[in-house]
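For any residue, its number in the working numbering is found by taking its place in the sequence shown, counting from 1, and adding 47.
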Amino acid sequence: MSGGDMAKPLLGHRSTEGDPSITPAAGRTIGVLGSGDFARSLAIRLVCSGFKVVVGSRNPKRKAGLFPSAAEVTFQAEAVKKTDVIFVAVFREHYSTLCDLADVLAGKILVDVSNNTEINHHKESNAEYLASLFPASTVVKGFNVVSAWTLQSGARDGNKQVLSSSDKGQIPTVSAAEAVEKKMNIWVEEEVWRMEIYISVGIIALGLLSLLAITSLPSIANSLNWREFSFIQVTLTFADARE
Numbered sequence: 048m049s050g051g052d053m054a055k056p057l058l059g060h061r062s063t064e065g066d067p068s069i070t071p072a073a074g075r076t077i078g079v080l081g082s083g084d085f086a087r088s089l090a091i092r093l094v095c096s097g098f099k100v101v102v103g104s105r106n107p108k109r110k111a112g113l114f115p116s117a118a119e120v121t122f123q124a125e126a127v128k129k130t131d132v133i134f135v136a137v138f139r140e141h142y143s144t145l146c147d148l149a150d151v152l153a154g155k156i157l158v159d160v161s162n163n164t165e166i167n168h169h170k171e172s173n174a175e176y177l178a179s180l181f182p183a184s185t186v187v188k189g190f191n192v193v194s195a196w197t198l199q200s201g202a203r204d205g206n207k208q209v210l211s212s213s214d215k216g217q218i219p220t221v222s223a224a225e226a227v228e229k230k231m232n233i234w235v236e237e238e239v240w241r242m243e244i245y246i247s248v249g250i251i252a253l254g255l256l257s258l259l260a261i262t263s264l265p266s267i268a269n270s271l272n273w274r275e276f277s278f279i280q281v282t283l284t285f286a287d288a289r290e
């Protein structure tokens, strides 16, 4: 992971002059609830984009070493008090563990980044379920089609589209979050296996070239009959060319 990639901001720069609703990234605090791979990758990208990051964890002492030193790792209750925008990077099954924070989360923006493990397994989307648990908060669905790897690597091969939905503002309602969550199946298969496929093909091609080189040595070639030599040279050369 190059420093140049991580220096790129999470969101594209644009002029904010004359728009009081837009707060500059520099100095703004963003909260992250969760301490998994996505929460860690998101914290890294936010820090590199100029945001102050506070991470809420149930065990901050044990998880602090997983996050960049610039990010503050504390208990969940303390984290949500320090920011108005909070990424909820926990599984749907653990949403209920945040119910004790309902009062302090009132009036805050909760960004749900999760996906259902099975399509049509629940009647409502994860975002709708989160909104039902925290009716006094504004729930936004987003970043669920961006992988942790993409956040850390700079999105060279990964998906760079950020689909979002909410009941507030100029974007689709939270009820559209189910369609957004289903989008995750479009990129998971390709993104997870693309690099492995590249590496596998490269290893196979290198192996074929090595075999051709070895069989071309006089000592090896003399030990082969004409049929064996022709098969190796013709067949493997054709296969290597296709690679």
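Built from N, CA and C at the ideal position, the CB exists for glycine as well.
Please read all numbers here as calculations on a predicted model, not as lab measurements.
Check: With a threshold of 16 other CB atoms inside 10 Å of the CB of W273, please say whether the residue is buried or exposed.; Outcome: exposed
Check: Ignoring anything shorter than 3 residues or poking outside the segment 154 to 208, list the beta strand (DSSP E) runs there in chain order.; Outcome: 156 to 159 and 185 to 189
Check: Answer with buried or exposed for A260, where buried requires no fewer than 16 other C-beta atoms within 10 angstroms of its C-beta.; Outcome: exposed
Check: At what residues does the alpha helix (DSSP H) containing K128 begin and finish?; Outcome: Q123 to K128
Check: Taking the continuous beta strand (DSSP E) assigned at S270, which residues delimit it?; Outcome: Element bounds for S270: n/a, residue is neither H nor E.
Check: Assign F85 to one of three DSSP states: helix, strand, or coil.; Outcome: helix
Check: Going by DSSP in three states, F293 sits in which element: helix, strand or coil?; Outcome: One cannot answer for residue 293 here, as it falls past the ends of the chain, which runs 48 to 290.
Check: With a threshold of 16 other CB atoms inside 10 Å of the CB of F190, please say whether the residue is buried or exposed.; Outcome: buried
Check: By the DSSP assignment, the beta strand (DSSP E) with V79 in it spans what residues?; Outcome: T76 to L80
Check: Could you tell me the boundaries of the alpha helix (DSSP H) in which V100 lies?; Outcome: It is not in any alpha helix (DSSP H) - V100 instead sits in the beta strand (DSSP E) that spans K99 to S104.
Check: Following the continuous alpha helix (DSSP H) through D150, name the residue where it begins and the one where it ends.; Outcome: A149 to L152
Check: Identify which residue in L157, N173, I156 and V158 has its Cα closest to the Cα of T164.; Outcome: N173
Check: Mind checking T282: buried by the 16 CB within 10 Å criterion, or exposed?; Outcome: exposed
Check: So V135 and L157 are supposed to be a Cβ contact under 8 angstroms. How far apart are they, rounded?; Outcome: 5 angstroms
Check: Buried or exposed: which applies to G81, given that a residue is buried once 16 or more other Cβ atoms fall within 10 Å of its Cβ?; Outcome: buried
Check: Count the other C-beta atoms from every protein chain shown that fall within 10 angstroms of the C-beta of I133, then say buried if there are 16 or more, exposed otherwise.; Outcome: buried
Check: Look at the alpha carbon of H141 and the alpha carbon of L177, and state the distance between them as a whole number of angstroms.; Outcome: 10 angstroms
Check: With C-beta atoms as the reference, is T76 less than 7 angstroms away from K129?; Outcome: yes
Check: Tell me whether E119 is buried or exposed, calling it buried when 16 or more other Cβ atoms sit within 10 Å of its Cβ.; Outcome: buried
Check: Using the rule of at least 16 other Cβ atoms within 10 Å of the residue's Cβ for burial, across every protein chain shown, is F278 buried or exposed?; Outcome: exposed
Check: Tell me which residues share the same chain as L148 and place their Cβ nearer than 7 angstroms to its Cβ, disregarding the 5 neighbours each side in the sequence.; Outcome: Q123, A124 and V127
Check: Using a Cβ-Cβ cutoff of less than 6 angstroms, which residues in the same chain neighbour T195 once the five nearest sequence positions on both sides are dropped?; Outcome: In the sequence as presented, Thr is not what sits at residue 195; that position holds Ala. So the list reads D84, F85 and S88, once near-sequence residues are dropped.
Check: Would you decide whether T197 is buried or exposed? Buried here means 16 or more other CB atoms lie within 10 Å of its CB.; Outcome: buried
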